[in-house]
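Scroll down for the structure; my scribbles are underneath it.
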Amino acid sequence: MLFLVVALFLFGVLMGTAGHVPVPVTVVAALAIVAWLVVFFTKERRKAAKGGGR
């Protein structure tokens with residue numbers, strides 16, 4: 001999943017909207033997305049460990 005995030009970040013910087021905003025703004029947005037994914041991943045792992053997974 002992290003590889004996908006990095007790949008999409010680089011693609012966005014080179015080709016998309018992220019190419020039109022300052023680099024620090026893009027980095028902050030990417031870090032926010034990574035933080036959200038880490039929280040989501042942690043919650044899902046805990047849920048699965050408790051037997052709540054499908």
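Each residue of the sequence shown is one higher than the one before, counting from 1 in this note's numbering.
Heads up, the beta-carbon is just placed ideally off N, CA and C, and yes, glycines get one too.
The structure displayed is predicted, hence computed values, not measured ones.
Discussion item. Helix, strand or coil, according to DSSP, for P22 in the structure here?
Written reply: coil
Worksheet item: Can you give the Cα-Cα distance for V6 and K50, rounded to whole angstroms?
Response: 30 Å
Worksheet item: Can you tell me where the alpha helix (DSSP H) with G12 in it begins and where it stops?
Response: L2 to M15
Discussion item. One question on the structure: do L37 and M1 come within less than 8 Å of each other, judged by their Cβ atoms?
Written reply: yes
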